[in-house]
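Only one structure is covered here, and it is reproduced in the block below.
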Amino acid sequence: MEQLLEFITIHREMIYFVLLSVFVGVEVIGGVPTVLHTPLMSGANAIHGVVIVGAIYVMLNVDPSNTLALILGFLAVLLGTLNVVGGFVVTDRMLGMFKKK
Amino acid sequence: MKSALLEISYLIGSVTFILGLKMMGNPKTARRGNLLGAVGMTIAIVGTIFLFEKQDHGAVDESYSVPGLVYALIFGAIALGTVVGWLTAKRVQMTKMPELVSMFNGMGGACAALIGLMEYEHNLGQTGALSAIVAGMVIGSVSFSGSIIAYLKLNGSMRQPIRLPQYNVINTLVMAGVAAFSVWMVITSPSDPFILYVLFACAIVYGILFTIPIGGADMPVVISLLNSFTGLAAAFGGFLYDNKVMLTGGILVGSAGTLLTLVMCKAMNRPLSNVIFGAFGATGASSDREIKGNIKDIGVSDTAVLMNYSKKVVIVPGYGLAVAQAQHVIHELESILEARGVTVKYAIHPVAGRMPGHMNVLLAESNVSYDKLVEMEDINPEFASTDVVLVVGANDVVNPAAKNDPASPIYGMPILDVENAQHIIVNKRSMSAGYAGIENELFFNPKTSMLFGDAKDVLTKLVTELKSL
């Protein structure tokens, strides 16, 4: 119990940050017409590709003599890039089709 | 200086993600919203690479320079990923969209899992950091293997849901096992990397077990759920590095993805638990009700005449339309009718296609104006004043059993009330049942005429016939 309270005190700002972000996420999506659900899912999919930032960070800190870490890091950056680039491009392609005449 | 600039680049990234997602909620600004997100992402990535400072026990290590090999690998991976990702995204057919999204989602999950695998050994004994690492790795792995299974199911390589006996019990046990294993890892922090790989393998297996019993029709819900899982995994990465852009991006997608999942479930009138645990049709409670009545055929020329002299025609497109690649012909049909003074609208059921909104994308691809696409709640009251409803390649979304047969597996799903129209013309290849495998009494309705044949074939003939009238 004490540990839990301590954890909350130390990470107070982080907890606020997370809670507020959850509300922003819900608020931003609320009321979106069904028409846009597929592009939205695809766009959100591209955004979580931000995990690539973590992959790059690991890679920059890697010990260059550790071959396994280099291989894993390369793969992580590669997969993250696929997620980001593929995600944004395919969403753009979908949205490019929505035209009002 | 550098670290302040990096924080600013992350701040810009976070703001563009929020604004971008918001703008994607409106057809007019959606495309710009997506581009804005992409710009923010680029800024965050470029900042991470070029504003990097090696941290050593909380202080900046000025003397450290990143080895050339590492830069080469990073740029190589980004270049390769960009080319492959770009080409795949540009070339994919729009009908294959859902599986592509699933694939990209799996890549993101795998990326998060790999980060966990690499960071574990650097953080032994630090409970806080280890929790973020293990949670990110497990969730990322589940998202990865689950997405790959979803991909295989959607592209038809794995058609039948595979259900082990008592799969719900097994899955729950495996999930509890993986969770317990993770907690144990965090608390005891074993230094043997082998144990970490065992946990990784367990999480992969759980992802497979989780997705494998769920039927193809429910895959969109699963993809959306896995999408929010990957968001969560990215957020754990943000915790680990105290990286705000990963946190915002990850949590945003996590919460937005969860909401989207619930919206999809609501459209199908099935609680999420039912999708995950209660696999479709598995209950065996399919209706034994005998459907009485006759099937009435109609030819292409009669259909053409009927439509030509109507005031209002509503087209109900289903996935069958896309499979037959008939989106372009149907747009041509719409244009001819409109030119003759007939009002034409499309009735879009929330789950038409393979994902909510998928049908809109497919029709948009053939230049159908989006204000002609009317959502279910708005079109339902209009059916009473509609002369002809043309159902093409749709089945379950117009099945009255959803309303009046409590034994039907789709009972309770909101449907398009096409029965209220004067005439109903249903185009189908044959009398086989729909995706959910249920008979449709609409076909036996006295107002219904069946126009048998391949959608593209029949619609092309219909267009030719109309032109000659």
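Protein sequence lines correspond, in order, to chains A and B. Take the first sequence: its letter number 33 is residue 40 in this note's numbering, and every next letter is one higher. Take the second sequence: its letter number 133 is residue 369 in this note's numbering, and every next letter is one higher. Cβ coordinates follow ideal geometry from the N, Cα and C atoms, glycine included.
**OP:** Decide yes or no for the touch test of the region 424-435 of chain B against the region 405-412 of chain B: beta carbon pairs closer than 8 Å, at least 3 of them.
**Re:** Cβ pair count under 8 Å is below three, so no.
Original post:
Within 10 angstroms of its Cβ, does residue 183/B collect 16 or more other Cβ (buried), or is it exposed?
Top reply: Given a span of 237 to 705 for chain B in the structure shown, any question on residue 183/B remains unanswerable.
Subject >> Three-pair Cβ contact test at 8 Å for the region 68-80 of chain A versus the region 352-359 of chain B >> reply: Touching, per the Cβ criterion.
Subject >> Where residue 322/B meets chain A, residues with beta-carbon distance less than 7 Å >> reply: Counting from 1 along the second sequence, the entry for residue 322/B is found at position 86. For residue 322/B, the neighbours in chain A by C-beta distance under 7 Å run, in chain order, 92, 96.
Subject >> Contacting residues, own chain, Cβ-Cβ under 6 Å from residue 489/B (five flanking each side not counted) >> reply: Taking the first residue of the second sequence as 1, we reach residue 489/B at position 253. For residue 489/B, the CB contacts under 6 Å within the same chain, skipping 5 residues up- and downstream, are 467 in chain order.
**OP:** State the Cα-Cα distance for the pair residue 432/B and residue 602/B, rounded to the nearest angstrom.
**Re:** Locating residue 432/B in the second sequence gives position 196, where the first residue counts as 1. Locating residue 602/B in the second sequence gives position 366, where the first residue counts as 1. Distance between the alpha carbons of residue 432/B and residue 602/B is about 50 Å.
**OP:** Locate the beta strand (DSSP E) running through residue 679/B, then write down its first and last residues.
**Re:** Locating residue 679/B in the second sequence gives position 443, counting from the first residue. Premise fails: residue 679/B is in no beta strand (DSSP E) and is neither H nor E.
**OP:** With 8 Å as the threshold, decide whether the Cβ of residue 64/A is near any Cβ in chain B.
**Re:** Counted from its first residue, the first sequence places residue 64/A at position 57. Taking Cβ atoms only, chain B reaches closer than 8 Å to residue 64/A, which makes this a yes.
Subject >> Close beta carbons around residue 610/B, own chain, < 7 Å, minus the five adjacent residues each side >> reply: For this step, residue 610/B is matched to residue 374 along the second sequence. For residue 610/B, where only same-chain residues beyond five positions count, the Cβ hits under 7 Å are 581, 582, 583, 584.
**OP:** Please state whether DSSP places residue 560/B in a helix, a strand or coil.
**Re:** Position 324 of the second sequence holds residue 560/B. The three-state secondary structure of residue 560/B, taken from DSSP, is coil.
Original post:
Is there at least one Cβ from chain B nearer than 8 Å to residue 36/A's Cβ?
Top reply: On the first sequence, position 29 is the one that residue 36/A refers to. Taking Cβ atoms only, chain B reaches closer than 8 Å to residue 36/A, which makes this a yes.
Original post:
Mapping DSSP to helix, strand and coil, what is residue 10/A?
Top reply: The count along the first sequence starts at 1 and reaches residue 10/A at position 3. Note: residue 10/A maps to helix in three-state DSSP.
Original post:
Touch check for the region 24-37 of chain A and the region 441-451 of chain B: three-plus C-beta pairs under 8 Å?
Top reply: Taking 8 Å as the limit for Cβ pairs, the verdict is that the region 441-451 of chain B does not touch the region 24-37 of chain A.
Original post:
Counting only beta-carbon atoms, is residue 616/B nearer than 8 Å to chain A?
Top reply: Working through the second sequence from its first residue, we reach residue 616/B at position 380. Chain A, which has no Cβ nearer than 8 Å to the Cβ of residue 616/B, makes this no.
Subject >> Where the region 351-367 of chain B meets chain A: residues whose CB sits under 7 Å from a CB there >> reply: The region 351-367 of chain B vs chain A, Cβ under 7 Å: 351, 353, 354, 355.
Original post:
Which residues mark the beginning and the end of the alpha helix (DSSP H) in which residue 405/B is found?
Top reply: Position 169 of the second sequence, counting from 1, holds the residue named residue 405/B. That run of the alpha helix (DSSP H) goes 403-424.
**OP:** Find the nearest neighbour of residue 652/B within the set 260/B, 617/B, 681/B, judged by alpha-carbon distance.
**Re:** As a position in the second sequence, residue 652/B is number 416, starting the count at 1. Considering only alpha carbons, the answer is 617/B.
Original post:
For chain A, is any of its Cβ atoms less than 8 Å away from the one on residue 288/B?
Top reply: As a working note, residue 288/B is residue 52 in the second sequence. Residue 288/B counts as touching chain A.
Subject >> alpha helix (DSSP H) runs contained entirely in the region 489-516 of chain B, provided each spans 4 or more residues >> reply: Fully contained in the region 489-516 of chain B are the following alpha helix (DSSP H) runs of length 4 or more, in chain order: 508-513.
Original post:
What three-state label does DSSP hand residue 285/B in the structure shown?
Top reply: Position 49 of the second sequence, counted from the first residue, corresponds to residue 285/B. Residue state for residue 285/B is assigned as helix, using DSSP reduced to three classes.
Original post:
In whole angstroms, what separates the C-alpha of residue 382/B from that of residue 54/A?
Top reply: For this step, residue 382/B is matched to residue 146 along the second sequence. For this step, residue 54/A is matched to residue 47 along the first sequence. Straight through space, the alpha carbons of residue 54/A and residue 382/B are spaced by roughly 19 Å.
Original post:
Can the beta-carbon of residue 628/B be found closer than 8 Å to that of residue 575/B?
Top reply: The residue given as residue 628/B occupies position 392 in the second sequence. The residue given as residue 575/B occupies position 339 in the second sequence. No, these two residues do not count as a Cβ contact at 8 Å.
Original post:
Under a CB-based cut-off of 8 Å, is residue 467/B close to chain A?
Top reply: Translated into positions along the second sequence, residue 467/B becomes position 231. Look at residue 467/B: its C-beta is under 8 Å from a C-beta on chain A.
Original post:
Going by DSSP, which residues form a beta bridge with residue 688/B?
Top reply: Looking up residue 688/B in the second sequence gives position 452. 664/B, per the DSSP bridge assignment.
Subject >> Span separating the alpha-carbon of residue 276/B from that of residue 333/B >> reply: For this step, residue 276/B is matched to residue 40 along the second sequence. For this step, residue 333/B is matched to residue 97 along the second sequence. The straight-line gap from Cα to Cα measures roughly 24 Å.
Original post:
Does any C-beta atom of chain A lie closer than 8 Å to the C-beta of residue 592/B?
Top reply: If you number the second sequence from 1, residue 592/B lands on position 356. At least one chain A Cβ lies under 8 Å of residue 592/B.
Original post:
Which partner residues does residue 533/B have in the DSSP bridge list?
Top reply: Along the second sequence, one-based indexing puts residue 533/B at 297. Beta-bridge analysis with DSSP links residue 533/B to 686/B.
**OP:** Apply the 10 Å Cβ neighbour rule to residue 241/B and answer buried if 16 or more other Cβ atoms are within range, or exposed otherwise.
**Re:** Indexing the second sequence from 1 puts residue 241/B at position 5. By the Cβ neighbour-count rule, residue 241/B is exposed, with fewer than 16 other Cβ atoms within 10 Å of its own.
**OP:** With 8 Å as the threshold, decide whether the Cβ of residue 19/A is near any Cβ in chain B.
**Re:** As a first step, residue 19/A must be located in the first sequence, where it is residue number 12. No, because no Cβ of chain B sits closer than 8 Å to the Cβ of residue 19/A.
Subject >> Given residue 707/B as reference, the closest of 613/B, 375/B, 499/B, 337/B once Cα atoms are compared >> reply: In the structure as shown, chain B starts at 237 and stops at 705, and residue 707/B therefore has no counterpart that could be examined.
Original post:
Which residues of chain B have a Cβ atom closer than 9 Å to the Cβ of residue 47/A, listed in chain order?
Top reply: In the first sequence, residue 47/A corresponds to position 40, counting from 1. 257, 260, 261, 266, 492, 496, 593, listed in chain order.
Subject >> Backbone secondary structure at residue 46/A - three-state DSSP >> reply: Your numbering for residue 46/A matches position 39 in the first sequence. Note: residue 46/A maps to helix in three-state DSSP.
**OP:** Starting from residue 583/B, trace the beta strand (DSSP E) both ways and give me its first and last residue.
**Re:** Counting from 1 along the second sequence, the entry for residue 583/B is found at position 347. Counting along the chain, the beta strand (DSSP E) containing residue 583/B begins and ends at 579-584.
**OP:** Note down, one range per segment and in chain order, each alpha helix (DSSP H) of at least 4 residues found wholly within the region 244-327 of chain B.
**Re:** Those alpha helix (DSSP H) runs which fall completely within the region 244-327 of chain B and span 4+ residues are 266-286, 304-327.
Original post:
Hey, out of 614/B, 322/B, 622/B, 567/B, whose CA is closest to residue 605/B's CA?
Top reply: Reading the second sequence from its first residue, position 369 is the one you call residue 605/B. Residue 567/B holds the alpha-carbon nearest to the alpha-carbon of residue 605/B among 614/B, 322/B, 622/B, 567/B.
Subject >> One or two residues paired with residue 551/B in a DSSP bridge >> reply: Position 315 of the second sequence, counted from the start, is the residue given in the question as residue 551/B. Bridge partners of residue 551/B: 582/B, 626/B.
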